[in-house]
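What follows is one structure encoded as structure tokens, with my remarks underneath.
Protein chains: 2
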Amino acid sequence: VRENFHESLDTITDELVAMAQQVAVMLHEASQALLTADRERAEAVIAADEEVDTLHQELELRTTELIALQQPVAVDLRLIVASMRISATLERMGDLAQHVAKAARLRHPDSAVPAPQVEQFRAMAALADDMVAKMVRVLATRDVHLAIEVDHEDDQMDQLHREVLEGLLRSESPVSVNEAVDATLLNRYYERLGDHAVSVCRRVIYLVIGDREQ
Amino acid sequence: VRENFHESLDTITDELVAMAQQVAVMLHEASQALLTADRERAEAVIAADEEVDTLHQELELRTTELIALQQPVAVDLRLIVASMRISATLERMGDLAQHVAKAARLRHPDSAVPAPQVEQFRAMAALADDMVAKMVRVLATRDVHLAIEVDHEDDQMDQLHREVLEGLLRSESPVSVNEAVDATLLNRYYERLGDHAVSVCRRVIYLVIGDREQ
Numbered sequence: 001v002r003e004n005f006h007e008s009l010d011t012i013t014d015e016l017v018a019m020a021q022q023v024a025v026m027l028h029e030a031s032q033a034l035l036t037a038d039r040e041r042a043e044a045v046i047a048a049d050e051e052v053d054t055l056h057q058e059l060e061l062r063t064t065e066l067i068a069l070q071q072p073v074a075v076d077l078r079l080i081v082a083s084m085r086i087s088a089t090l091e092r093m094g095d096l097a098q099h100v101a102k103a104a105r106l107r108h109p110d111s112a113v114p115a116p117q118v119e120q121f122r123a124m125a126a127l128a129d130d131m132v133a134k135m136v137r138v139l140a141t142r143d144v145h146l147a148i149e150v151d152h153e154d155d156q157m158d159q160l161h162r163e164v165l166e167g168l169l170r171s172e173s174p175v176s177v178n179e180a181v182d183a184t185l186l187n188r189y190y191e192r193l194g195d196h197a198v199s200v201c202r203r204v205i206y207l208v209i210g211d212r213e214q
Numbered sequence: 001v002r003e004n005f006h007e008s009l010d011t012i013t014d015e016l017v018a019m020a021q022q023v024a025v026m027l028h029e030a031s032q033a034l035l036t037a038d039r040e041r042a043e044a045v046i047a048a049d050e051e052v053d054t055l056h057q058e059l060e061l062r063t064t065e066l067i068a069l070q071q072p073v074a075v076d077l078r079l080i081v082a083s084m085r086i087s088a089t090l091e092r093m094g095d096l097a098q099h100v101a102k103a104a105r106l107r108h109p110d111s112a113v114p115a116p117q118v119e120q121f122r123a124m125a126a127l128a129d130d131m132v133a134k135m136v137r138v139l140a141t142r143d144v145h146l147a148i149e150v151d152h153e154d155d156q157m158d159q160l161h162r163e164v165l166e167g168l169l170r171s172e173s174p175v176s177v178n179e180a181v182d183a184t185l186l187n188r189y190y191e192r193l194g195d196h197a198v199s200v201c202r203r204v205i206y207l208v209i210g211d212r213e214q
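Protein chains in written order, with my numbering: chain X, 1 to 214; chain E, 1 to 214.
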């Protein structure tokens, strides 16, 4: 039974990694759809979110079942509880990628990014891709150093977030109210995506450090 | 041991109710700080969020301990898992109330709500108060009908959310980019608060319906 149990734990980790990879692809595609005003690419991301939601629901059921059937304690239980949390966060990241894609779709054939902000959003999108790619590797390898890198990258994300906001409010590059609304929401989506990537990495750090303390 | 266990479950429910009540007060105070541009009231909300975060962390530790020590199954386990989720959602609602208060503080002594939008935000704040008050009662009483009411009220919240957005984009009541940024974020905070209140209520419905199926 214990052997099956540890196989089940490995399966949960594999599924989290697969889910995180799917979120990484969605986010990349959503950013490209946004930056190139590509409606079809946006539609594909919007459709893909359902799969992430389903993966999350399945994982929630499975982890609860696993606790009931195997009654894990200590490290194993902490891993399962952390997995439930991480799954919920990944699901939310999928939602945010979908929000980015929906913003792109809404303004098509125009771009949802105001012209003066394009470079800043390109930088935010690239940083988000990088953070999420590292998050996937952290989930797969539990590399604490990489997890800490994601934490530091989030400082850059917060800085970009402030710069977009300041750019909007600066009068020399005037944007319309419509553009301001879009840019404000998109700016927030990327900032939240960064926060969530950090939250996933911190949970992994906590598991690794906790394990050492056992 | 089982008797202690059920006492522990009751304690968890009591703590969730207390946490939800605190969120309800924070949200009400944040909305009032926003609508009256009251800096002191905003500061109090910003400071109060730490307590909600602490309650959430304590509850997360306690529920994990309870699973490890008591190895609950079926209904009891589902209740504990749902409590963990609800606690995380309440913590997030506290963050959003804090965001509302921070927006109020940032613009003080001006109002963060553009003059043409004041009535709409007043309506959103009142609706949010009502939804969250009902959510508290749903947590305390598991009243499914009340939970469904919250679900319906969220349709009104979504409608108000759309109206604020349309109001911003309508040219007859021009707002500045600065005002548009504030109103866009505040609009989103209230919409998310509504979503979270619904999510808490749905988890309670799921527990009650699930119980009936046992």
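Cβ atoms here follow ideal geometry from the backbone N, Cα and C, with glycine treated the same way.
Here A112 of chain E carries a coil assignment [DSSP, helix/strand/coil]. Secondary structure of D38 of chain E (DSSP, three-state): coil. Judged by beta-carbon spacing, G94 of chain E lies beyond the 9 Å limit of M157 of chain E, meaning their Cβ atoms are not closer than that value.
Between E15 of chain E and L59 of chain E a beta carbon distance of about 6 Å is seen, short of the 8 Å cut, so the two are scored as contacting.
Taking C-alpha positions only, E149 of chain X is separated from L193 of chain X by approximately 15 Å. Per DSSP, the continuous alpha helix (DSSP H) segment holding Q120 of chain E begins and ends at V118 to T141. The alpha-carbon separation between L207 of chain E and C201 of chain E amounts to approximately 10 Å. No residue range can be given for S176 of chain X, since it is assigned to no alpha helix (DSSP H) and is classified by DSSP as neither H nor E. Sequence-ordered contacts of the region 11 to 45 of chain X with chain E are nonexistent [C-beta pairs closer than 8 Å].
Contact check for A20 of chain X against L139 of chain X passes: the beta carbons are separated by less than 9 Å. The straight-line gap separating the alpha-carbon atoms of L106 of chain E and S83 of chain X is approximately 37 Å. Interface criterion met: the Cβ of V181 of chain E is under 9 Å from a Cβ in chain X.
Around the CB of E40 of chain E, fewer than 16 other CB atoms lie within 10 Å, so the residue is classed as exposed. Using a Cβ-Cβ cut-off of 8 Å, R78 of chain X is close to T64 of chain E, given in chain order.
Around the beta carbon of R162 of chain X, fewer than 16 other beta carbons sit within 10 angstroms, so the residue counts as exposed.
S176 of chain E sits exposed, since fewer than 16 C-beta atoms from the chains shown fall within 10 Å of its C-beta. The C-alpha of E191 of chain X lies about 13 Å from the C-alpha of L185 of chain E.
Residue contact check for L169 of chain X against chain E: a CB pair falls below 9 Å. Listed along chain E are T64, each with a C-beta nearer than 7 Å to that of V81 of chain X. In chain order, I67 and L77 make up the part of chain E whose C-beta sits under 7 Å from the C-beta of I67 of chain X.
Put simply, the CB of T184 of chain E is near chain X, with a gap under 9 Å to one of its CB atoms. Put simply, the CB of R85 of chain X is near chain E, with a gap under 9 Å to one of its CB atoms. A distance of 9 Å or more separates the beta carbons of A101 of chain E and E50 of chain E. For Q156 of chain E, the enclosing alpha helix (DSSP H) has its first and last residue at V144 to L169. Taking every protein chain shown into account, the CB of N4 of chain E has fewer than 16 other CB atoms within 10 angstroms, so this residue is exposed.
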